[in-house]
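So the structure is just underneath, and the comments pick up after that.
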Amino acid sequence: MNINYKELKSAMADNKDCSSVKTFDGVSKVLEEQKPAAFILENVDMEPSKTGSSKNQDGKDQSNLGLVLARLQKCGYTVKTAKLRSDSFGLPQRRCRLYFFGVRQVERMNGNKVLENLEGLLEAMQCPLRFTPAPCRRLKTGQGQVKSDGKQQLAELLYPSDDARVTAELQRLQAKKLKSKTKQTDDETSARWMSTHKQLAADRQMDYPLKVSEKLAGAPWFQLLQNREKEAVCFVEEWNRERRGKGEPLISFVDISQTVTRMAQSTEDSKVIPTVLPGAKFWNVPLCRWVMGSEMLRFQGLYVEEMASDVTESEKLLADLAGNAFSSCCISAAVFALLASLQYESDSEDEQLAAISQAFTAVALLGRRVRGDQQ
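Numbering of the sequence shown is given in the UniProt record's numbering, commencing with residue 1 and proceeding in unit increments.
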């Protein structure tokens, strides 16, 4: 689901159509017609306290979340929600999404009882010693002990700068720039961002325009950036200089597709990368280069190398795909937890084995693997 809940609530209350209502109606109709035994839906985080939670005269919850849950329950399902964060499942970002778990209400299945252990199962799978799907590779110490090292894991997700995929993309972009005859002009848009940058520099007592360091000036990837993006990277260097003086962790990644003021807020915690979103453009500070789309997919737990061998999509398209994709570790945990919560009732042992086999087939479709030494 990709729903604007504010728009959805208003339209549902007034019995009007809108894109969000049509999307949710489509999901609801599929559930009503296909009647799956269980389902999982995912959407952006939605706290009841942030959606104007209120009750009408009949005592019914009229918040956005309440309306969605009521509709799903009307389709014949017991529904529970859980908020999952990517960094809780080994991914280097704090991408937070709300998952809806539904179990069809039938005579022999008590949905409330079936889902009562859901939260415990999800929490158990956050433990790296019990559940570590790729890309969370556990590292062995000299004593043979297993530990989790976020920095090393994050480094493992990036291609070496001399990797064939990286050099090929750099050469493609350089050739594209040479062929392009488009010149940047100081139009109204550039005037706005320059004004914003100048004000931010003044607020932080920095000289403006910012100076480009020798390291950046000699970086080929830096030369491919737009002027606004170049200044954004220069701001990051200034922030790191301040952090170094205070003994604070340095910023390693920044999303230069954002405005510099928003970018500053999103990089206050340098232990994780910014949230992977459609249209994002990450700059890796230590390597002085863009983060490619195939690497951003890795931040979601997805590997191009493990997909079809004929993947030829551009890095830009792969970056957009990463922004729209499920965090694979989260969706894997969600599916495992739901399957472990279900009761497989049958009249014979063969039917029960068939049901369990079907469940494992569903897990296999995710393309994720739990290492044998963790089972």
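Glycine included, C-beta positions come from ideal geometry on N, C-alpha and C. All figures in this text were calculated on a predicted structure; none of them were measured in a lab.
Other residues of its chain near residue i: CB distance less than 8 Å, five sequence neighbours each side excluded
i: L317; result: G293
i: Y208; result: H197, K198, A201, A202
i: L302; result: A322, A325, S328
i: N240; result: L250, I251, V285
Spatial distance of residue i from residue j (CA atoms)
i: K230; j: I331; result: 36 Å
i: A337; j: F326; result: 16 Å
i: E306; j: K211; result: 42 Å
i: P287; j: S161; result: The displayed chain sequence assigns Leu, not Pro, to residue 287. Rounded to whole angstroms, L287 to S161 spans 8 Å at the Cα level.
i: A37; j: Q105; result: 8 Å
i: T312; j: G279; result: 19 Å
i: S180; j: Q223; result: 14 Å
i: T261; j: T189; result: 16 Å
i: M194; j: N117; result: 53 Å
i: Q174; j: Y99; result: 42 Å
i: residue 377; j: Q226; result: A question about residue 377 goes unanswered here, because the residues of the chain that appear run from 1 up to 375.
i: L72; j: E156; result: 41 Å
i: R192; j: K281; result: 20 Å
i: E42; j: L154; result: 25 Å
i: E242; j: S266; result: 17 Å
i: residue 378; j: V44; result: In the structure as shown, the chain begins at 1 and stops at 375. Residue 378 is therefore absent and cannot be evaluated.
i: S257; j: A319; result: 12 Å
Cβ pair residue i, residue j closer than 9 Å
i: L121; j: Y77; result: no
i: M263; j: E238; result: no
i: L84; j: R97; result: yes
i: F101; j: S341; result: yes
i: F235; j: I273; result: no
i: V68; j: F24; result: yes
Chain-order list of residues whose beta-carbon lies under 7 Å from that of residue i (same chain, five-residue window excluded)
i: T275; result: Q93, R94, R95
i: Q126; result: S88, F89
i: E169; result: M292, E315
Cβ shell of residue i (< 6 Å), same chain only, five flanking positions each side left out
i: R165; result: Y159
i: L277; result: G323
i: G245; result: none
i: R289; result: W221
i: E351; result: none
i: E295; result: L158
Counterpart residues of residue i in DSSP-defined beta bridges
i: R289; result: N284
i: T81; result: F100
i: Q93; result: I273
i: V44; result: R97
i: D255; result: F282
i: W38; result: According to the sequence as given, residue 38 is Ala; it is not Trp. DSSP, once it has assigned bridges, lists V103 as partnering A38.
| said: Three or more C-beta pairs under 8 Å: does that hold for the stretch 210-222 against the stretch 253-265? | reply: no
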